[in-house]
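Comments concern the structure below.
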Amino acid sequence: MTRFLTRTRAKGRMDITDILTWVWLILGTAVIAIPIGWAILSSVKPEAEINSFPPTFLPRAAQELVIEGYDKPLPAYSLDEEGGGARLVGLVRRIGLVATVVDPAAPGERFKVEAERLTKQTELHAQWSNYTDPLERFAFMTYLRNSVFVTAVATIMTLLLNSMAAFALSKYRFRGSNTIFVLILSTLMLPLSVIMVPAFMVIVGLNLADNLWGVIFSTVATPTGVFLLRQYMLTIPDDLIEAARVDAASEFRIYWRIILPLSAPALAVLAIFSVIWRWNDFLWPLIVLSSPENYTLQLGLNAFQGQFTVQWHYILAMTVVALLPVTVIFLFLQKYITEGVASTGVK
Amino acid sequence: MSDLSNDQPPHGHTPKGRKLSAMLDRALEHVMAVIEWPFSLLQRVIGLRRMPYVFVLPNMILFGVFVFVPVLLAIAYAFTGGTNLLIWERPFVGFDNFARLLNCGSFLDPASCELDLFWTAVFNTGWYTVFNSAGTLVVALITALVLQRLTRGKTFFRAVFFYPVLLSPVVVALIWKWFLARNGLLNAVFADLMGERVIFMLEVLWSRFWVVYVSIWFHMGFYTLIILAGLQAIPRDIYEAALIDGTSRWRQFWRLTLPLLMPNLLVVLVLLLIRSVQAFDEVWVLSDGGGPGTANTFIVQFIYETAFATDVRLYGLASAASVLMGLGLLLLTLFQLWLAKKVET
Amino acid sequence: MATIHLDRLTKAYGALKVIHGITLDIEDGEFVALVGPSGCGKSTLLRMIAGLEPITGGEIAFDQKRVNDLSPSERGISMVFQSYALYPHLSVRKNLSFGLENLRMKRPEIDARVQEAARMLELEGYLDRKPKALSGGQRQRVAIGRAIVRQPKVFLFDEPLSNLDAKLRVQTRGEITRLHRQLGTTMLYVTHDQVEAMTMAQKIVVLNAGRVEQVGTPLDLFERPANLFVAGFIGSPRMNLYKGTVAEAPDGTRYVTSPETGRLEGHVVGVEPGRDIKIGIRPSHFALGEGAGAQWLDVDQVESLGHETYLHGRLNGAATTTIVHVQNHLEAAIGDRIGVVARAGHAHLFDSESGLRLGEV
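First to last, the protein sequences are chains A, B and C.
With positions in the first sequence counted from 1, the corresponding number in the numbering used here is that position plus 16.
With positions in the second sequence counted from 1, the corresponding number in the numbering used here is that position plus 10.
With positions in the third sequence counted from 1, the corresponding number in the numbering used here is that position plus 28.
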């Protein structure tokens, strides 16, 4: 580990810049990891636990003992013995300062002790119902389904339409191709916030308001996607296309059988980005979708946290659900994503 | 013939696997034949040289309908009044919307304006833009420099710093809302040190601080990657030459790295400014709709709420605000293009 | 199988004309090489015949049928590209069958044709490999195989050997000619290498700057080059060229003379005395000898290949460099003075101004 730590650019002794480097890295990692980790840990805490202050670090719940002769499990307490030491007992009832307890080793015999000698016992406990409840009792299953639908359909359409346009713009010379390309490029920097009102009118005009298709259609023709794919397709030799034409392939077949398979790396990058974009989209769905049964997960989560401000155990569990797909994608495709961002400058 | 390996059996699939993949292949072939048919027919009718139009058309239709038309309409909306969404039902009001937005006693005092919320939003956005851009730039630059020094673990730490970028604004806002909550982790530390808890998002200064802090936390990984790419483009031999000349590291940074990185940093800065002006999602959720009061109400929130989140939907006024913001962004973009051109030559 | 007829074919990119009205006839089953220096338009011409490049003017006919407006596949051609243009994501088998699938051929027929082509080109063991996993020579054969399976009327080759090493090039040359004998299909072969053209083609078309310089059999071009360009282009090393004049002896017989060659006797029809001409003699048309008509070569450089020797030097002290090809090994040193005799009947005469051939002496 020390070898690893000292392995910065200048091999050999650590100097002040090396120390500062590692201070920054470790501090930075902590700053990034702690809030996320805290939310994930909290998401499996029972409701009672999550609202207690000061908070406990790990998710815990009151320990209970099943004791012969009692229908319900009894809350577990540690009883301080008079001569020192402690033993585990179940609490039967408590009146004022006196508590009636039972020793699990001798279930038949109850005895009274001073309440102050008792300490409540807790154990590690993950409250998975934080996850299952919102999916069953609230509409989160619907939100989840809507999000998956929008993400999947929009991504497939994005890949298909953008790659077709990119094929035309990279492998043909035709009148207007430059104009089209410049038009597409010029909207690269155009933010949604500037055109939100007229874009919504178009949605209303097409009768797509409060409709998932309204969210999908308007996000498909991404300038970024066309640009990224076109630049990649320019590197595919034109010879291949001519060979395919000599081989009697129609233009669509050339697209489908030659260009698409050969653009797989660029398509993969776009697919990853598209999934992340559509999964995380917020403002546009917020404008288009109005009824809760059409909400995506992000909208549902936002609405839920506004409505049930004290239900943090549910809010956090659903937050984790919302960050999970993106996290899994990142864990497996981290290299693709960071290199894709660095080389294209898109986010 | 000089072959690589003449006697080797063909490698790859087992016979069974090959059969299966061949079957799949043929099934797909049939499916594609169906899709291909109209395209082939079209090609026969219109000829090969017009096929590219067929390929760009679907994309261009969606593009036109959802991007170009709205861009044109955005300006038209700004000159209309009333509450009807359909543009042809809206009365033309000239510059009324702009006049209302700009009707101020003093531009330095939002309270003196007819639409004080708009000007509050403008000022809030302005401060946020300054602090967020400067903060992100510094943090991202330091992080990129630090990552560049690493020979091992670079990929890991790059991934760590980039990860928040991929999260959704709502998720980020909720993670931080919980962290800063009355019962949150930060308050546990605060209570321990100061003896009392702070409800961060209900205090103006604290909430503004955290809005900027969370924004930097959220986005700095992206800018780190861009700056890192710029750092990696600096030829190594320059540093080797400097090393031979006995240049100190401090001097290396100020005299070599920073000037060579300047074009990249300027682009990052403009990008940051452009994005900061448009901030909305995570701020809106984190601050419960721009609170406390209007302390974190930004321009996009004003536009969104004016157009969509009130009973009286003032599309014209919202569009006018959009157009003003669009003009500002256009200036920034042109500035960036000019900068890019200048840097290139 | 098809005849090809080009009629005043032109090609222009905007104002830039690259093919200046080429008329050419190719017989059914002929192996024709299009040869010329780079940029002469030979690849453009081939691509126009293939249907990959739009035609500006003139006509292309296959079997007397105009094909100007047909797509490559409708013309019934297949083509081997310089880069091979193998589909990198498809196996050799798929590379071979792609064109047949496009034609909606029945599966058994496709398989049979692929097998047949693989057998002919010794590719049977590699059918399931990707092009990446093949050697250069194997890729080349896959490219040829892809052309064969479609059983085209015309084969077009666009410098197919330029990416191979020298040894493999010689070998593949032989294989393509063997293939031509086996299939008997019309083949059009573009190359910048005159050796390839000479060794493979039945008929050679020499192109220069978008024009045909000469059409003929390899021997025709070698023995009777129509002009200075062809004379210089065909044959390796290049033909030696000297400035000379036509003179008349007192007895009325005409002869040509130059400082380098001395007096060359021979009947030259229609060339009046006193005219400036170019005299061309191939290196191999000199013989060693010190008898009558011998000229003296001051040796500047000796290239000995063991079984043959090239002498570089100056004849009779003139400034122009002369190359002399000698069979077998010759023990010669720089500075030697060696007697050489130009073989009678092998000195080519060209007009100084037009460059056109006048005859030989």
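Every residue, glycine too, gets a C-beta built ideally from N, C-alpha and C.
Since the model is a prediction, treat every value here as computed from it, not as a measurement.
- Classified as buried, I313/B has 16 or more neighbouring CB atoms from the shown chains inside 10 Å of its CB.
- In the structure shown, the three-state DSSP call for A361/C is coil.
- Here R207/B is near F200/B, since their CB atoms are less than 8 Å apart.
- Secondary structure of N255/C (DSSP, three-state): strand.
- Close to L278/A, with beta-carbon spacing below 9 Å, are these residues of chain C in chain order: Y115, P116 and H117.
- Taking the Cα of A284/A as reference, the smallest distance to any Cα among K88/A, K351/A and D263/A is reached at K351/A.
- S332/C is bridged by DSSP to T337/C.
- Put simply, the CB of V242/A is near chain B, with a gap under 8 Å to one of its CB atoms.
- Residue-level contact by beta carbon fails for I366/C and chain A, as no gap is shorter than 8 Å.
- Of all residues in the stretch 305–323 of chain A, the ones placed with a Cβ closer than 7 Å to any Cβ belonging to chain B are Q314, L317, N318 and Q321, in chain order.
- Residues of chain A with a Cβ closer than 9 Å to the Cβ of T146/B do not exist; the shortest Cβ-Cβ separation is about 13 Å.
- Counting C-beta pairs closer than 8 Å gives fewer than three between the stretch 107–120 of chain C and the stretch 39–52 of chain C, which falls short of the contact rule.
- R197/C has no beta-bridge partner at all, per DSSP.
- Counted as a single uninterrupted DSSP element, the beta strand (DSSP E) harbouring H376/C occupies residues A375 to D379.
- Interface annotation, L151/A: not in contact with chain B, CB-CB separation never under 8 Å.
- Only R75, A78, G79 and L80 from the stretch 67–92 of chain C bring a Cβ to less than 9 Å from some Cβ of chain A.
- Where A275/C is concerned, the enclosing beta strand (DSSP E) starts and stops at N268 to E276.
- Non-local C-beta neighbours of L349/B in its own chain, meaning closer than 6 Å and more than five positions away in sequence, comprise L276, ordered along the chain.
- If you draw a 10 Å sphere on the C-beta of H40/B, you find fewer than 16 other C-beta atoms in it, and that means exposed.
- Close CB contacts of S66/C within its chain, under the 8 Å cut and outside five residues either way in sequence, are with H220 (chain order).
- Contact with chain A is absent for I209/B, since none of that chain's Cβ atoms lies less than 8 Å from the residue's Cβ.
- As DSSP reads the structure, H48/C sits in a beta bridge with T38/C.
- Taking the C-beta atoms as reference points, L334/B is found nearer than 8 Å to L111/B.
- V105/A is classed as buried because its beta carbon has at least 16 other beta carbons within 10 Å across all chains shown.
- Going by C-alpha positions, L118/C is about 9 Å away from L124/C.
- Interface flag for V295/B against chain A is set, since a Cβ pair is found closer than 8 Å.
- Judged by beta-carbon spacing, S266/A lies within the 8 Å limit of E46/B, meaning their Cβ atoms are closer than that value.
- Three or more beta-carbon pairs separated by less than 8 Å are not found between the stretch 81–91 of chain C and the stretch 241–255 of chain C, which leaves the two stretches without contact.
- Contacts between F109/C and chain A, judged by CB atoms closer than 7 Å, involve D255 and A259 in chain order.
- Comparing alpha carbon positions, the residue from E58/C, G57/C, A61/C and R103/C closest to I77/C is R103/C.
- In this structure, the beta-carbon distance from L296/B to V224/B falls below 8 Å.
- In the three-state reduction of the DSSP assignment, W324/C falls in the strand class, which pools E and B.
- For the C-beta of V170/B, the chain A residues within less than 7 Å are, from N- to C-terminus, T45 and I48.
- Following the DSSP letters along the chain, one finds F90/C in no alpha helix (DSSP H) but inside the beta strand (DSSP E) bounded by residues G85 to F90.
- Using a Cβ-Cβ cut-off of 8 Å, S209/A counts as an interface residue toward chain B, since at least one Cβ of chain B sits closer than that to its own.
- Taken through DSSP and simplified to helix, strand or coil, N236/C comes out as strand.
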